[in-house]
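Enquirer: I'd like to ask some things about the structure below.
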Amino acid sequence: MPTKRQLIGGLRSGKLRNVPAFTAVAAAAIAAAACATSSAATRTAQARIGSAAAAAWQPNSSQVDKSYNGVDKRYMTKPLPAPKLKHGVKFKVGFLQINGTVKALAAQEQAAAAEVKALGGSLVELDAIDNPQQQVNQMKEMLDEGVTALIADPLVPQALSADFKQAQSKGIPVITVLADPQSSPTLTPGVTTDIDNASDYSVYVTMKQLAASLPKGASFGIVGFAAPVPSLIYAAQRQEYWGKHFGMKFVGQVNATVATGQAEATAATTFFTQHPSVRALITFNDATAQAAVTSAKVAHVKNVAIVTPNGGEPESVPLLKNGSEKMVYRAPWEQEGAQAVIAAYDAQTKQHLPLPKILQLPGVVATKSNLSSIPFVS
């Protein structure tokens, strides 16, 4: 079982991950406030609440595709405002991580840690490393830990519903991240708010731009993930739907058995063997897209557009620059983490109520032409 790790503002007593630049900025602001006079320090303390959310990347309004009218649209509202700091409040946040070795998810968590620190709290994180049963066990451990709020990035949301309801009965708000990709108005029982990355919108804009860049009726396929992760299953379904909607021809899907580079490369190689003349391959994350680039070269598959509607990690940048990857949807990972903490604090301190049940945070499609204007995960 992974070791429990206590975080205060992004710093671990156990293993350290690289702290993104925005976390360092927030820490510097906090240090500066400590050196000020008491009145100035109070003003600075109020100003820094929401600093991680303010520093976290998100697209501007001109980058959001106004033609989208799908299920996410009604929930693509403004991010939550910075809360007021309530002195004397114990704010101990439990963070259930799916897999912190994924840089995008690590950035999400570090933004959450920075926001927790700005609110004068502490954060305890447990990492399931893609193991649903491990996450169920860790949820129970979190309840025993005495946390005052929970943020969960659940592998299988329904598997945690009983514990979510138990937390709710104890007055512990539960905020999920990426748990309601379908924008269902009925959340997992016990959940206060879900913060998501607009999964349907992400696929819509990616497939729309992909179809426009290829000949009419171009073929496409999918490399998915075999584990029963609802968000990834839903994403693959929407990739097929929107691809067909924009006039492309779906030829098939091959799933990676586990989330490792070797398994992802094997899945991509299998797909290219079955469909050597395919024009586009949609992958479920950055790492899979990168594995597909290598597999395409090994299989001598040319003129294939490799894209992911679920990315933003730095390794994709050189591949976009040299054309090995066609498109990467840069999801607002850091904003998701910061917003989850704000929602948890609001729920605990009774601010900005009622909180939205669902908050869908859109990203933007990165290509070689606009790459310089889109910062990727640090």
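Sequential numbering of the sequence shown, starting at 6, is according to our numbering. Every residue, glycine too, gets a C-beta built ideally from N, C-alpha and C. Since we're looking at a predicted model, the values are computed, not measured.
Do you know offhand how far residue 110's Cα is from residue 75's?
Expert: The residue given as residue 110 occupies position 105 in the sequence shown. The residue given as residue 75 occupies position 70 in the sequence shown. Distance between the alpha carbons of residue 110 and residue 75 is about 26 angstroms.
Enquirer: Please state the DSSP three-state secondary structure of residue 73.
Expert: In the sequence shown, the residue the question calls residue 73 occupies position 68. Of the three classes helix, strand and coil, the one that applies to residue 73 here is coil, per DSSP.
Enquirer: What are the start and end residues of each continuous beta strand (DSSP E) run of 3 or more residues lying completely inside the stretch 73-151, in chain order?
Expert: Listed in chain order, the complete beta strand (DSSP E) runs (minimum 3 residues) inside the stretch 73-151 are 97-102 and 127-132.
Enquirer: Since residue 210 and residue 196 should fall inside the 8 angstroms C-beta cutoff, what is the C-beta to C-beta distance between them, to a whole number of angstroms?
Expert: Translated into the one-based positions of the sequence shown, residue 210 becomes position 205. Translated into the one-based positions of the sequence shown, residue 196 becomes position 191. About 27 angstroms; that fails the 8 angstroms criterion.
Enquirer: With distances taken from CA atoms, which of 149, 348, 313 and 246 is nearest residue 84?
Expert: For the purposes of this step, residue 84 is identified with residue 79 of the sequence shown, where counting begins at 1. The shortest Cα separation from residue 84 among 149, 348, 313 and 246 belongs to 348.
Enquirer: Determine the DSSP secondary structure at residue 287, reduced to helix, strand or coil.
Expert: Your numbering for residue 287 matches position 282 in the sequence shown. DSSP places residue 287 in strand when its eight states are reduced to three.
Enquirer: Whole-angstrom Cβ separation of residue 365 and residue 246, contact assumed at under 8 angstroms?
Expert: Stepping through the sequence shown from its first residue, residue 365 is reached at position 360. Stepping through the sequence shown from its first residue, residue 246 is reached at position 241. Actually they are not in contact, since the Cβ atoms of residue 365 and residue 246 sit about 18 angstroms apart, beyond 8 angstroms.
Enquirer: Should residue 172 and residue 342 be called a contact, given that it needs their Cβ atoms to be closer than 8 angstroms?
Expert: Counting from 1 along the sequence shown, the entry for residue 172 is found at position 167. Counting from 1 along the sequence shown, the entry for residue 342 is found at position 337. No, the Cβ-Cβ distance between residue 172 and residue 342 is not below 8 angstroms.
Enquirer: What residue range is occupied by the uninterrupted alpha helix (DSSP H) comprising residue 268?
Expert: Here the question's residue 268 lines up with position 263 in the sequence shown. Element bounds for residue 268: 266-279.
Enquirer: Can you tell me where the alpha helix (DSSP H) with residue 212 in it begins and where it stops?
Expert: Here residue 212 is taken as the residue at index 207 of the sequence shown, counted from 1. From DSSP, the alpha helix (DSSP H) with residue 212 extends over 204-218.
Enquirer: Return the residue from the list 291, 332 and 356 that minimises the CA-CA distance to residue 107.
Expert: Looking up residue 107 in the sequence shown gives position 102. Checked all of 291, 332 and 356; the closest Cα to residue 107 is 291.
Enquirer: Thinking C-beta only, is residue 102 closer than 8 angstroms to residue 130?
Expert: Taking the first residue of the sequence shown as 1, we reach residue 130 at position 125. Taking the first residue of the sequence shown as 1, we reach residue 102 at position 97. The answer is yes: Cβ separation under 8 angstroms.
Enquirer: Which of the three DSSP states, helix, strand or coil, is assigned to residue 311?
Expert: Sequence index remark: in the sequence shown, residue 311 carries index 306 (1-based). Residue state, collapsed to three classes: strand.
Enquirer: Run the CB neighbour count on residue 165, radius 10 Å, all protein chains shown included, and call it buried at 16 or more, exposed below.
Expert: Locating residue 165 in the sequence shown gives position 160, counting from the first residue. By the 10 Å Cβ count, residue 165 comes out buried.
Enquirer: Buried or exposed, going by whether 16 or more other CB atoms sit within 10 Å of the CB of residue 82?
Expert: For the purposes of this step, residue 82 is taken as residue 77 along the sequence shown, with counting starting at 1. The residue is exposed, with fewer than 16 neighbouring Cβ atoms inside 10 Å.
Enquirer: Taking the continuous alpha helix (DSSP H) assigned at residue 326, which residues delimit it?
Expert: Residue mapping note: residue 326 aligns to position 321 of the sequence shown, counting from 1. Residue 326 -> alpha helix (DSSP H) spans 321-326.
Enquirer: Any idea what DSSP makes of residue 251, helix, strand or coil?
Expert: Within the sequence shown, numbered from 1, the residue matching residue 251 stands at position 246. DSSP places residue 251 in coil when its eight states are reduced to three.
Enquirer: Helix, strand or coil for residue 189, going by three-state DSSP, please let me know.
Expert: Here residue 189 refers to the residue found at position 184 of the sequence shown. Three-state DSSP puts residue 189 in coil, outside helix and strand.
Enquirer: Does the distance between the C-beta of residue 249 and the nearest non-hydrogen atom of the ligand SAH fall short of 7 angstroms?
Expert: With respect to the ligand SAH, the structure shown offers nothing to examine, as it has no ligands at all.
Enquirer: Judging by CA-CA distance, which residue of 331, 272, 60 and 201 is the nearest neighbour of residue 218?
Expert: Position 213 of the sequence shown, counting from 1, holds the residue named residue 218. Of the candidates 331, 272, 60 and 201, the one whose C-alpha sits nearest the C-alpha of residue 218 is 331.
Enquirer: Among 264, 96, 376 and 186, which residue has its Cα nearest to the Cα of residue 124?
Expert: In the sequence shown, counting from the first residue as 1, residue 124 sits at position 119. It is 96.
Enquirer: Return the residue from the list 127, 216 and 191 that minimises the CA-CA distance to residue 252.
Expert: For the purposes of this step, residue 252 is identified with residue 247 of the sequence shown, where counting begins at 1. Residue 252 has its Cα closest to that of 216, out of 127, 216 and 191.
Enquirer: Since residue 372 sits in a beta bridge, which residues does DSSP pair it with?
Expert: Walking along the sequence shown from the start, residue 372 turns up at place 367. For residue 372, which the question treats as bridged, DSSP gives no partner whatsoever.
Enquirer: With C-beta atoms as the reference, is residue 429 less than 8 angstroms away from residue 192?
Expert: Here the chain has residues from 6 to 383 only, and residue 429 is not among them.
Enquirer: Quick check on residue 227: does DSSP put it in helix, strand or coil?
Expert: By one-based count along the sequence shown, residue 227 stands at place 222. It is a strand residue.
Enquirer: So residue 179 is in the beta strand (DSSP E); what residue range does that whole segment cover?
Expert: What you label residue 179 is simply residue 174 of the sequence shown in a count that begins at 1. That run of the beta strand (DSSP E) goes 179-182.
Enquirer: Please tell me whether residue 354 and residue 91 are closer than 8 angstroms, where the distance is taken between their beta carbons.
Expert: For the purposes of this step, residue 354 is identified with residue 349 of the sequence shown, where counting begins at 1. For the purposes of this step, residue 91 is identified with residue 86 of the sequence shown, where counting begins at 1. Yes, Cβ-Cβ distance for residue 354 and residue 91 is below 8 angstroms.
Enquirer: Is residue 78 close to chain C, meaning its C-beta is less than 8 angstroms from at least one C-beta of that chain?
Expert: Among the protein chains of the structure shown there is no chain C, as only one such chain exists.
Enquirer: How far does the beta strand (DSSP E) with residue 363 in it extend, from its first residue to its last?
Expert: For the purposes of this step, residue 363 is taken as the residue at position 358 of the sequence shown. 363-365 is the span of the beta strand (DSSP E), which, as asked, contains residue 363.
Enquirer: Write down the C-beta distance between residue 61 and residue 337 rounded to the nearest angstrom, noting that I regard them as a contact closer than 8 angstroms.
Expert: Here residue 61 corresponds to residue number 56 of the sequence shown, with the count starting at 1. Here residue 337 corresponds to residue number 332 of the sequence shown, with the count starting at 1. That belief holds up - the Cβ atoms of residue 61 and residue 337 are roughly 7 angstroms apart, short of 8 angstroms.
Enquirer: Give the secondary structure of residue 57 by DSSP, where H, G and I count as helix, E and B as strand, and everything else as coil.
Expert: Position 52 of the sequence shown, counted from the start, is the residue given in the question as residue 57. Residue state, collapsed to three classes: helix.
Enquirer: Less than 8 angstroms between the CB atoms is what I'm expecting for residue 240 and residue 315, so what's the real figure, rounded?
Expert: If you number the sequence shown from 1, residue 240 lands on position 235. If you number the sequence shown from 1, residue 315 lands on position 310. Yes, they are in contact, since the Cβ atoms of residue 240 and residue 315 sit about 6 angstroms apart, within 8 angstroms.
Enquirer: Using a threshold of 8 angstroms, state whether the C-beta atoms of residue 156 and residue 352 are closer than that.
Expert: Position 151 of the sequence shown, counted from the start, is the residue given in the question as residue 156. Position 347 of the sequence shown, counted from the start, is the residue given in the question as residue 352. No, these two residues do not count as a Cβ contact at 8 angstroms.
Enquirer: Using the rule of at least 16 other Cβ atoms within 10 Å of the residue's Cβ for burial, across every protein chain shown, is residue 378 buried or exposed?
Expert: As a working note, residue 378 is residue 373 in the sequence shown. Classification for residue 378: exposed.
Enquirer: By a C-beta neighbour count over all protein chains shown, 10 Å radius and 16 as the cutoff for buried, is residue 79 buried or exposed?
Expert: Here residue 79 is taken as the residue at index 74 of the sequence shown, counted from 1. Residue 79 is exposed by the Cβ-count criterion.
Enquirer: So what does DSSP say about residue 347, is it helix, strand or coil?
Expert: Here residue 347 corresponds to residue number 342 of the sequence shown, with the count starting at 1. Reduced to three states, the DSSP call for residue 347 is helix.
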